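> In my numbering, the protein residues as written are 2 to 343. Just so it is clear, CB atoms sit at the ideal spot from N, CA and C, and this is done for glycine as well. Since we're looking at a predicted model, the values are computed, not measured.
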Ligand code: KG4
Ligand code: ZN
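See below:
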């Protein structure tokens, strides 16, 4: 199969060409620098940038794959969840292309693509369904934090999710309180490397509750109140690494302990980790060592597939097609609230 995949759910415009289970080319155009000036993603700006970038990004992906658009058998695109006007650009373009080329269109849930991204391995990424194992999966993106039980490819159920802010949102909001630019997650990660995680004690929300849900807005608030009491810390560059390491330690501890607890309860031997926050070095390290301690196997999504990209959309779309899942009608609307898809 030769498939073109498009992703425009937030602030990355991406296209990928998939040939028989391999993402032979992936192009990602990031808008991070544009939104950083405003401290977060501005939907109108994101929409305009997607509109400007989508055609060149698609053209480049096809060129790199050395494939003509006439040779494509299918188109896939993210149809939710995401920012409605951003989703609209990619979804409507995919619908028009599918119509003009007379090929079927597969709609993909962005979060479902994150969920299965640990099964896409190598450079270029290849689908590794042959080694699939039932697993307990932690998805940590900018907008979603989910614990999911996956019994087989495309057979999954949500065990728990965040009740307010997602882990990525919490990283970004704490970073903003510390005066770091958007998106702050990667900067907190970098600064935390030289900091003391025990320097300050921040809340570990819902850690001791036996359910699989998360809540991160209380942690962000506890950091805010703490900084209001100690304003001198924000301007003290020498203490910034300690603040980052301490806040990061709170987020990571909750994520790791609740994930391991759920895996034990569900009797799952394999764990997976995906989404933008899965790039976090401390989270990767702590989850790996907790898995080693419990004799669990851990499959980490590779860093280039953790942040938003069309390769994961296309590789999952191909699986959905081979599994006989329904194609999208050319009239179907995008679905901003479609978290994990069907
Ligand atoms: O999955 P993603 O690219 O976009 C969404 O689907 O939302 O995730 C973006 C999130 C942002 O909140 C960003 O700060 C966070 O992932 N992130 C990180 C790191 N790299 C990206 N958070 C912590 N440490 C990192 N190294
Ligand atoms: Zn994402």
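1. Pull every residue with its beta-carbon under 5 Å away from any heavy atom of the ligand ZN, and keep them in chain order.
2. What are the partner residues of residue 18, as DSSP defines its beta bridges?
3. What first and last residue would you give for the beta strand (DSSP E) that runs through residue 140?
4. Going by DSSP, what residue range makes up the beta strand (DSSP E) through residue 76?
5. Could you compute how far the alpha carbon of residue 113 sits from the alpha carbon of residue 340?
6. Tell me the rounded alpha-carbon separation between residue 123 and residue 305.
7. For residue 215, which beta-bridge partners are listed by DSSP?
8. For the ligand KG4, any of its heavy atoms closer than 7 Å to the Cβ of residue 186?
9. Helix, strand or coil for residue 294, going by three-state DSSP, please let me know.
10. Report all residues from its chain with a CB closer than 6 Å to the CB of residue 100; omit the five preceding and five following residues, and keep chain order.
11. Please classify residue 259 as buried or exposed, where buried requires at least 16 neighbouring CB atoms within 10 angstroms.
12. For residue 319 and residue 22, which I take to be in contact (beta-carbon distance under 8 Å), what is that distance rounded to the nearest angstrom?
13. Using CA coordinates, which residue listed in 343, 342, 311 is at the minimum distance from residue 24?
14. Only counting the same chain, and skipping five residues up and downstream in sequence, which positions put a Cβ closer than 7 Å to that of residue 291?
15. Less than 8 Å between the beta carbons of residue 249 and residue 165, yes or no?
16. So what does DSSP say about residue 152, is it helix, strand or coil?
17. Hey, out of 199, 154, 93, 245, whose CA is closest to residue 130's CA?
18. Assuming residue 335 and residue 89 make a contact with CB atoms under 8 Å, what is their CB distance in whole Å?
19. By alpha-carbon positions, which one of 315, 49, 295 ends up nearest to residue 126?
20. Quick one: residues in its chain with C-beta nearer than 6 Å to the C-beta of residue 86, no 5 flanking neighbours on either side, listed in chain order?
21. Identify, in the order they occur along the chain, each residue of the same chain with its Cβ nearer than 6 Å to the Cβ of residue 300, setting aside the five sequence neighbours on each side.
22. Is the beta carbon of residue 326 sitting closer than 8 Å to the one on residue 255?
23. Let me see if you follow: with CB-CB separation under 8 Å, is residue 196 close to chain D or not?
24. Give a yes or no on whether the C-beta atoms belonging to residue 169 and residue 148 are separated by under 8 Å.
25. State the Cα-Cα distance for the pair residue 78 and residue 116, rounded to the nearest angstrom.
26. Between which residues of its own chain and residue 26 is the CB-CB distance below 6 Å, once the five residues before and five after are set aside?
27. If contact is defined by three or more beta carbon pairs under 8 Å, each pair taking one atom from either stretch, is the segment 220-230 in contact with the segment 171-181?
28. Quick one: using the 10 Å Cβ neighbour count with 16 as the cut-off for buried, is residue 221 buried or exposed?
29. Would you tell me roughly how many angstroms separate the C-alpha atoms of residue 285 and residue 102, rounded to the nearest one?
30. For residue 158, I'd like the list of residues in its chain whose CB is within less than 6 Å of its CB, leaving aside the five on either flank, ordered along the chain.
31. Determine, using beta carbons only, whether residue 2 and residue 74 come nearer to each other than 8 Å.
32. Between which two residues does the alpha helix (DSSP H) holding residue 98 run?
33. Looking at residue 51 and the ligand KG4, is the gap between the Cβ and the nearest heavy atom below 7 Å?
Quick answer:
1. 142, 309
2. Within the chain shown, numbered from 1, the residue matching residue 18 stands at position 17. Answer is 5, 26.
3. Counting from one through the chain shown, the residue named residue 140 turns up at place 139. Counting along the chain, the beta strand (DSSP E) containing residue 140 begins and ends at 136-141.
4. By one-based count along the chain shown, residue 76 stands at place 75. That run of the beta strand (DSSP E) goes 75-81.
5. Counting from one through the chain shown, the residue named residue 113 turns up at place 112. Counting from one through the chain shown, the residue named residue 340 turns up at place 339. Each residue's alpha carbon lies about 8 Å from the other.
6. On the chain shown, residue 123 is found 122 positions in, with the first residue counted as 1. On the chain shown, residue 305 is found 304 positions in, with the first residue counted as 1. So the alpha carbons of these two residues sit roughly 10 Å apart.
7. Translated into the one-based positions of the chain shown, residue 215 becomes position 214. Paired residues: 163.
8. Residue numbering aside, residue 186 sits at position 185 when the chain shown is read from its first letter. Answer for residue 186: yes, Cβ within range of the ligand KG4.
9. Position 293 of the chain shown holds residue 294. Note: residue 294 maps to helix in three-state DSSP.
10. To locate residue 100, count along the chain shown from 1; it is residue 99. Hits under 6 Å: 331.
11. Residue numbering aside, residue 259 sits at position 258 when the chain shown is read from its first letter. Per the 10 Å Cβ criterion, buried.
12. As a position in the chain shown, residue 319 is number 318, starting the count at 1. As a position in the chain shown, residue 22 is number 21, starting the count at 1. With 8 Å as the limit, residue 319 and residue 22 qualify as a contact, their Cβ atoms being about 6 Å apart.
13. Locating residue 24 in the chain shown gives position 23, counting from the first residue. Residue 24 has its Cα closest to that of 311, out of 343, 342, 311.
14. Numbered from its first residue, the chain shown carries residue 291 at position 290. Contacts found: 257, 261.
15. By one-based count along the chain shown, residue 249 stands at place 248. By one-based count along the chain shown, residue 165 stands at place 164. Not closer than 8 Å, so no.
16. For the purposes of this step, residue 152 is taken as residue 151 along the chain shown, with counting starting at 1. Strand at residue 152.
17. Taking the chain shown and counting its residues from 1, one reaches residue 130 at position 129. Looking at the Cα atoms, 154 is the closest of the given residues.
18. What you label residue 335 is simply residue 334 of the chain shown in a count that begins at 1. What you label residue 89 is simply residue 88 of the chain shown in a count that begins at 1. So it is a contact: roughly 6 Å between Cβ atoms.
19. The residue labelled residue 126 in the question sits at position 125 within the chain shown. The shortest C-alpha separation from residue 126 is found at 315.
20. Start at 1 with the first residue of the chain shown, and residue 86 comes out as number 85. 44, 48.
21. Start at 1 with the first residue of the chain shown, and residue 300 comes out as number 299. Once the five neighbours on either side are set aside, the close Cβ partners of residue 300 are 119, 273.
22. Residue numbering aside, residue 326 sits at position 325 when the chain shown is read from its first letter. Residue numbering aside, residue 255 sits at position 254 when the chain shown is read from its first letter. Cβ atoms of residue 326 and residue 255: not closer than 8 Å.
23. Given the protein chain composition of this structure (a single chain), no chain D is represented.
24. Position 168 of the chain shown, counted from the start, is the residue given in the question as residue 169. Position 147 of the chain shown, counted from the start, is the residue given in the question as residue 148. Contact flag unset, no.
25. Along the chain shown, one-based indexing puts residue 78 at 77. Along the chain shown, one-based indexing puts residue 116 at 115. Whole-angstrom Cα-Cα distance: 16 Å.
26. Residue mapping note: residue 26 aligns to position 25 of the chain shown, counting from 1. Excluding positions up to five away in sequence, the list reads 18, 62, 65, 66.
27. yes
28. As a first step, residue 221 is located in the chain shown; it is residue number 220 there, counting from the start. Its Cβ being crowded by 16 or more others within 10 Å, residue 221 is buried.
29. By 1-based counting over the chain shown, the position of residue 285 is 284. By 1-based counting over the chain shown, the position of residue 102 is 101. About 42 Å.
30. Here residue 158 refers to the residue found at position 157 of the chain shown. Counting only Cβ-Cβ distances below 6 Å, and skipping sequence neighbours, we find 150.
31. Your numbering for residue 2 matches position 1 in the chain shown. Your numbering for residue 74 matches position 73 in the chain shown. Going by C-beta atoms, residue 2 is nearer than 8 Å to residue 74.
32. Position 97 of the chain shown, counted from the start, is the residue given in the question as residue 98. From DSSP, the alpha helix (DSSP H) with residue 98 extends over 85-102.
33. Translated into positions along the chain shown, residue 51 becomes position 50. Because no heavy atom of the ligand KG4 lies under 7 Å away, the Cβ of residue 51 does not count as near it: no.
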